[in-house]
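Numbering (this note's numbering), first residue to last: 14 to 498.
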């Protein structure tokens, strides 16, 4: 009995009495097993979750991380007439002060000692800062081997937004205050953070799902919105990097500590999601967006999460489909029998991109599940390649994969094992359900598909009707002649 009590007390004493809220997660096995490669880096390890691979298949990038750190230090040495020892000491000190908080960002325990953890944070974070800075000007990367091959840039953009491949954005801002500000610019630390955010918005694959035209419109909108966003209180501009920089406000005057905590950028994937949903996040267009804490309107007499038919089945009920150009990819509407869905571009990177954002929404309990809900809705619409073909023909899906079956399988898998926290498409679902219950819609649809689907069928139908009328007239004439005789 005594040994049992001692063992239990020892284990209970090791339990964290006040666990810190986490923001960087390892993907749950139910999501992970569907497509393991979608969550795994292919070129660079950032943070602790794939730390061991730095000596294995991801070793190539380690030399470039150290090269970038050395470039930053040398540039700072020459601009401030300081020493390398002094800069490293200041970096160590500020990271040491925030070590516990940085560790708390990770949902899994980080099995690294103090100095090893701080070294990892320093090297990885400085690589991210320097990489974005180099992206801003071709003169800065003219002789850089990382910019000589397009595939390296594509892989880096992919790996930097993986949910398991993140460092706290807090660490980036702290290091900017020591080894920054943003080089070649005479500005305070806060302005340097703005420059870092803008660079990330420009060079991370935030809008690749919109296609080149709408993607450019969305990115320009995000960049051009910055002055307005600053006026609305994006930054606490006191000339210093705040412990919590309130980067993205959901309401202008949050009333609770929890709301304030939710507004900060946590890491690069969080930044990607916030700018991907910029209208919702910032309530720039308050009429068409929801706060993440606001429940969507419900019809009291309708059940929530009403399932919908597949696209091909909806077509049989008279539903028409229309692809619309809209930078808000999630803005799906059903009006006057037409289901309007923004055009979705699907390429080789689409599944990885969406999967990591969905995984982040599923693990972070205080986030809305806007992207998860969108993918769940698309999963309902698509059951087979026949549905993909229909959506592609109507201009809703623009695919570079070339195989409708592959697209159907991909979307079906992305829509599985996810939990919908609040149904943003409840009204659309209910309206579709009401539409399908009215038989006249299916009759009209059947008439269109069977008799009015092409000019030839229309001509055949008209000819058949004329023949029927002539036959009827012949019968009437014959009958009248008989009785008259």
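For every residue, glycine included, the Cβ atom is placed at its ideal position computed from N, Cα and C.
**Prompt:** Measuring CA to CA, which of 332, 389 and 422 is closest to residue 398?
**Reply:** The residue labelled residue 398 in the question sits at position 385 within the chain shown. Minimum Cα distance to residue 398 is reached at 422.
**Request:** Determine the DSSP secondary structure at residue 181, reduced to helix, strand or coil.
**Result:** One-based indexing of the chain shown puts residue 181 at position 168. Note: residue 181 maps to coil in three-state DSSP.
**Request:** Could you spell out where the alpha helix (DSSP H) holding residue 394 opens and where it closes?
**Result:** The residue you call residue 394 lines up with position 381 of the chain shown. 383-394 is the span of the alpha helix (DSSP H), which, as asked, contains residue 394.
**Request:** Identify, in the order they occur along the chain, each residue of the same chain with its Cβ nearer than 7 Å to the Cβ of residue 168, setting aside the five sequence neighbours on each side.
**Result:** Mapped onto the chain shown, residue 168 falls at position 155. The residues are 55 and 56.
**Prompt:** Which word fits residue 19, buried or exposed, when buried means at least 16 other C-beta atoms lie within 10 angstroms of its C-beta?
**Reply:** Position 6 of the chain shown, counted from the first residue, corresponds to residue 19. Answer is exposed; the Cβ neighbour count stays below 16.
**Request:** With a floor of 4 residues, list each alpha helix (DSSP H) that falls wholly inside the stretch 53-115, ordered by position along the chain.
**Result:** 75-93 and 97-110
**Asked** For the 8 Å Cβ check, are there 3 or more pairs between the stretch 380-389 and the stretch 285-294?
**Response** yes
**Asked** By a C-beta neighbour count over all protein chains shown, 10 Å radius and 16 as the cutoff for buried, is residue 97 buried or exposed?
**Response** The sequence position of residue 97 within the chain shown is 84, counting from 1. It counts as exposed.
**Request:** State buried or exposed for residue 307, treating a residue as buried only when at least 16 other CB atoms are found within 10 Å of its CB.
**Result:** Residue numbering aside, residue 307 sits at position 294 when the chain shown is read from its first letter. With a pLDDT of only 44 at residue 307, under 50, the local geometry of the prediction cannot be trusted, and the value read off the model is given with reservation. By the neighbour-count rule (16 or more Cβ atoms within 10 Å), residue 307 is not buried but exposed.
**Message:** Any contact between the stretch 352-367 and the stretch 215-224? By contact I mean 3 or more CB pairs, one from each, below 8 Å.
**Reply:** yes
**Message:** Taking the alpha helix (DSSP H) that residue 138 belongs to, which residues open and close that run?
**Reply:** Counting from one through the chain shown, the residue named residue 138 turns up at place 125. Residues 127-148.
**CA-to-CA distance, residue 102 to residue 127, given in whole angstroms** = Looking up residue 127 in the chain shown gives position 114. Looking up residue 102 in the chain shown gives position 89. Computed Cα separation, rounded: 15 Å.
**Prompt:** Any idea if residue 91 is buried or exposed, counting beta-carbon neighbours within 10 angstroms, 16 or more meaning buried?
**Reply:** Sequence index remark: in the chain shown, residue 91 carries index 78 (1-based). Burial call: exposed.
**Request:** Assign residue 186 to one of two classes, buried (16 or more other C-beta atoms within 10 Å of its C-beta) or exposed (fewer than that).
**Result:** As a first step, residue 186 must be located in the chain shown, where it is residue number 173. It is buried - the Cβ of residue 186 has at least 16 other Cβ atoms within 10 Å.
**Asked** What is the rounded straight-line gap between the Cα of residue 300 and the Cα of residue 159?
**Response** Within the chain shown, numbered from 1, the residue matching residue 300 stands at position 287. Within the chain shown, numbered from 1, the residue matching residue 159 stands at position 146. Per-residue confidence for residue 300 stands at a pLDDT of 37, beneath the threshold of 50, marking its modelled position as unreliable; the derived number appears in the next sentence. Using only the alpha carbons, I get a separation of about 44 Å.
**Prompt:** Which value, in whole angstroms, describes the spacing of the CA atoms of residue 88 and residue 71?
**Reply:** Here the question's residue 88 lines up with position 75 in the chain shown. Here the question's residue 71 lines up with position 58 in the chain shown. The straight-line gap from Cα to Cα measures roughly 27 Å.
**Message:** Spatial neighbours of residue 413 within its chain, please: C-beta separation below 6 Å, excluding the five flanking residues on both sides.
**Reply:** Translated into the one-based positions of the chain shown, residue 413 becomes position 400. For residue 413, where only same-chain residues beyond five positions count, the Cβ hits under 6 Å are 360.
**Message:** Whole angstroms are fine: how far does the CA of residue 344 sit from the CA of residue 304?
**Reply:** The sequence position of residue 304 within the chain shown is 291, counting from 1. The sequence position of residue 344 within the chain shown is 331, counting from 1. Reliability of the predicted coordinates at residue 304 is poor, the pLDDT of 38 falling under 50, and the value obtained from them is presented with this limitation in mind. Taking the straight line from one Cα to the other gives about 15 Å.
**Minimum C-alpha distance to residue 148 - residue among 134, 165, 136 and 342** = What you label residue 148 is simply residue 135 of the chain shown in a count that begins at 1. Nearest C-alpha to residue 148: 165.
**Message:** Tell me the rounded alpha-carbon separation between residue 401 and residue 392.
**Reply:** Here residue 401 refers to the residue found at position 388 when the chain shown is read from its first residue. Here residue 392 refers to the residue found at position 379 when the chain shown is read from its first residue. Looking at the two C-alpha atoms, the distance is approximately 11 Å.
**Asked** When the Cα of residue 1 is compared with those of 434, 410 and 348, which residue comes out closest?
**Response** Here the chain has residues from 14 to 498 only, and residue 1 is not among them.
**Message:** Just to confirm my understanding: we take residue 231, look at its own chain, exclude 5 residues before and 5 after, and list those with CB closer than 7 Å. What are they?
**Reply:** As a working mapping, residue 231 is identified with position 218 in the chain shown. Excluding positions up to five away in sequence, the list reads 220, 223 and 340.
**Request:** Examine the Cβ distances between the stretch 172-188 and the stretch 110-121 and report whether three or more of them are shorter than 8 Å.
**Result:** yes
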